[in-house]
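With this note's numbering applied, the sequence shown covers 535 to 831.
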Amino acid sequence: MASITGKRGGPGENRWRSRRPWARIEAMSQWEIEREIKAYYELGGERERLKSSAGGRLEFIRVQELLRRVLPGTGLDVLDVGGATGVHAEWLAADGHKVTLVDPVASQVAVAAELPGVEAKLGDARALPCEDASFDAVLLMGPLYHLTEREHRVRALREARRVARPGAVVAAVTINRTAGWSDWLLWNAEGTVHSISAAESLRVLREGDLRFFDHDIFTTAYLHHPGDVAEEFAAAGMAGPAQYAVQGFPGYMPELRAIIDDEEAREHLLEGLRVIESEPSLLGASNHLLTVARVPS
Ligand SMILES: C[S@@+](CC[C@H](N)C(=O)[O-])C[C@H]1O[C@@H](n2cnc3c(N)ncnc32)[C@H](O)[C@@H]1O
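Quick look at the structure:
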């Protein structure tokens, strides 16, 4: 269970840390993410995840398009919480925003810190290392699905609201409840080897919490229904957010790579997604969901 633990690590752990360049910043963190989540991201997969697979490329294109549309202006102070190695921070900085990235995995923060125009800090969404009212946009693209307890997710949203200026945007990506089950059906049909059983994939569909210790697919996460995300925003003082399906149901098509690789087919897909992205009956039929609120002025 995620918890407040105070300073981490005994003498043995410190010896291990001291061989790594990011050891000093890691020791400053006061919140712990679950071990398996940390171990998963320490494998380094986030550097390539959105560049290699067809699904990753569609996610990147759509998140970029949606964020460019909802960000409230140019030259903004943007906080990217759970920003990993900076896959979004990089283009946001290139677009002219002043980007601060916060992530609890020190090896990822070290990579992001090398990006031009990006300040990267070790930290946790539940206790952001940032001043009150200091950002025009706060992005949570990771924390809400890795915090498996509602209380912690609402806390992270309250923190986002605390550091956001009046009129700022708070935008969160979540994983839809149907995503694990849909992926399972596809993996099984393709014969992809994975460690989640059919019964477990149905339990996750019913209950939402994915406990994943084998790193062959993903790690521990909470999978939301869209209405639950909106309710958590409301509990953090941001009622009535807008919601957008990121990939939509076409993201699950086995032929996705052929569509993404072909310019005309890709544009046709993207235009269709713009048409259906906020249709309430389709919000949950998408791997990811983007929820966006304006902080009251
Ligand atoms: C799948 S990655 C997403 C990276 C990037 N934001 C994106 O959208 O592609 C999830 C990220 O959330 C981070 N994360 C997990 N728990 C967190 C927490 N409690 N606070 C902040 N970030 C967290 C992980 O370290 C990881 O970098």
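We put the CB at the ideal spot given by N, CA and C, even for glycine.
Small disclaimer: the values here were computed from a predicted structure and weren't measured.
**Q.** Per-residue burial, Thr-608 [other beta carbons within 10 Å of its own, 16 or more giving buried]
**A.** Along the sequence shown, read from residue 1 onward, the residue named residue 608 stands at position 74. The residue is exposed, with fewer than 16 neighbouring Cβ atoms inside 10 Å.
Q) Beta carbon of Ala-618, beta carbon of Gly-676: below 9 Å? A) Along the sequence shown, read from residue 1 onward, the residue named residue 618 stands at position 84. Along the sequence shown, read from residue 1 onward, the residue named residue 676 stands at position 142. A contact, by the Cβ cut-off of 9 Å.
**Q.** Simplified DSSP assignment, three categories, for Ile-730
**A.** As a first step, residue 730 is located in the sequence shown; it is residue number 196 there, counting from the start. Residue state, collapsed to three classes: coil.
Q | DSSP-derived helix/strand/coil call for Val-652 | A | For the purposes of this step, residue 652 is taken as residue 118 along the sequence shown, with counting starting at 1. The answer is strand: DSSP assigns Val-652 an E or B state.
Q | Residues bridged to Arg-687 (per DSSP) | A | Position 153 of the sequence shown, counting from 1, holds the residue named residue 687. Answer is none; Arg-687 lacks a bridge partner.
Q. Relative to the alpha-carbon of Asn-710, which residue among Gly-616, His-822, Gly-774, Leu-678 has its alpha-carbon at the smallest distance?
A. Residue 710 sits at position 176 when you count from the first residue of the sequence shown. For the residues Gly-616, His-822, Gly-774, Leu-678, the minimum Cα distance to Asn-710 belongs to His-822.
Q. Going straight from the alpha carbon of Ala-557 to that of Val-639, what length do you get?
A. For this step, residue 557 is matched to residue 23 along the sequence shown. For this step, residue 639 is matched to residue 105 along the sequence shown. Confidence at Ala-557 is low in this model, with a pLDDT of 39, below 50, so its placement is unreliable and the value that follows should be read with caution. Whole-angstrom Cα-Cα distance: 11 Å.
Q) Quick one: does the C-beta of Ile-595 sit closer than 8 Å to a heavy atom of ligand 1? A) What you label residue 595 is simply residue 61 of the sequence shown in a count that begins at 1. Not so, every heavy atom of ligand 1 lies at least 8 Å from the Cβ.
Q: Go ahead and pull the three-state DSSP assignment for Gly-818.
A: Taking the first residue of the sequence shown as 1, we reach residue 818 at position 284. In the structure shown, Gly-818 sits in coil (DSSP, three-state: anything other than H, G, I, E or B).
Q | Phe-669 - partner residues in DSSP beta bridges | A | As a position in the sequence shown, residue 669 is number 135, starting the count at 1. Partner(s): Ala-698.
Q.
Whether or not the stretch 807-814 and the stretch 696-703 are in contact is what I'm after, with contact meaning three or more pairs of Cβ atoms, one per stretch, closer than 8 Å; do they touch?
A. no
Q.
Would you say the beta carbon of Leu-584 is closer than 8 Å to some non-hydrogen atom of ligand 1?
A. Residue mapping note: residue 584 aligns to position 50 of the sequence shown, counting from 1. For ligand 1, at least one heavy atom lies less than 8 Å from the Cβ of Leu-584.
(Q) Could you pull the DSSP bridge partners for Val-866 from this structure? (A) An answer regarding residue 866 cannot be provided, because it is not within the stretch 535 to 831 covered by the chain.
Q. So Val-636 and Pro-663 are in contact, right, with Cβ under 8 Å, and what is the actual spacing, rounded?
A. Numbered from its first residue, the sequence shown carries residue 636 at position 102. Numbered from its first residue, the sequence shown carries residue 663 at position 129. Confirmed, Cβ separation roughly 7 Å.
Q. Taking just the CA atoms, how far does Leu-691 sit from Gly-771?
A. Here residue 771 refers to the residue found at position 237 when the sequence shown is read from its first residue. Here residue 691 refers to the residue found at position 157 when the sequence shown is read from its first residue. Cα to Cα, Gly-771 sits roughly 9 Å from Leu-691.
Q | Same chain only: Cβ atoms within 8 Å of Val-688, ignoring 5 sequence neighbours per side | A | As a working mapping, residue 688 is identified with position 154 in the sequence shown. The answer, listed in chain order, is Glu-766, Ala-769, Ala-770.
Q | Paired residues, beta bridge with Ile-709 - DSSP | A | Position 175 of the sequence shown, counted from the start, is the residue given in the question as residue 709. According to DSSP, which records beta bridges pairwise, Ile-709 is partnered with His-822.
Q: Mark Val-643 as exposed unless 16 or more other C-beta atoms lie within 10 angstroms of its C-beta, in which case mark it buried.
A: As a position in the sequence shown, residue 643 is number 109, starting the count at 1. The residue in question, Val-643, is buried, as its Cβ has 16 or more Cβ neighbours within 10 Å.
Q: Express the C-alpha separation of Lys-632 and Leu-610 in angstroms, rounding to a whole number.
A: Along the sequence shown, read from residue 1 onward, the residue named residue 610 stands at position 76. Along the sequence shown, read from residue 1 onward, the residue named residue 632 stands at position 98. So the two alpha carbons sit approximately 6 Å from each other.
Q.
Would Val-520 and Gly-761 qualify as a contact pair, given that the criterion is a beta-carbon distance under 9 Å?
A. As displayed, the chain neither begins before 535 nor continues past 831, which places residue 520 out of reach and without an answer.
Q. I think Leu-592 touches Ile-794, with their Cβ atoms under 8 Å apart; what is that distance to the nearest whole Å?
A. Counted from its first residue, the sequence shown places residue 592 at position 58. Counted from its first residue, the sequence shown places residue 794 at position 260. Right, the Cβ-Cβ distance comes to about 6 Å (below 8 Å), so this counts as a contact.
Q.
Counting C-beta neighbours from all protein chains within 10 Å, is the total for Glu-560 16 or more, i.e. buried, or is it exposed?
A. Sequence index remark: in the sequence shown, residue 560 carries index 26 (1-based). Confidence in Glu-560 is poor, its pLDDT being 46 and thus under 50, which makes the residue's placement unreliable; the coordinate value appears in the next sentence. Buried, because 16 or more other Cβ atoms sit within 10 Å of the Cβ of Glu-560.
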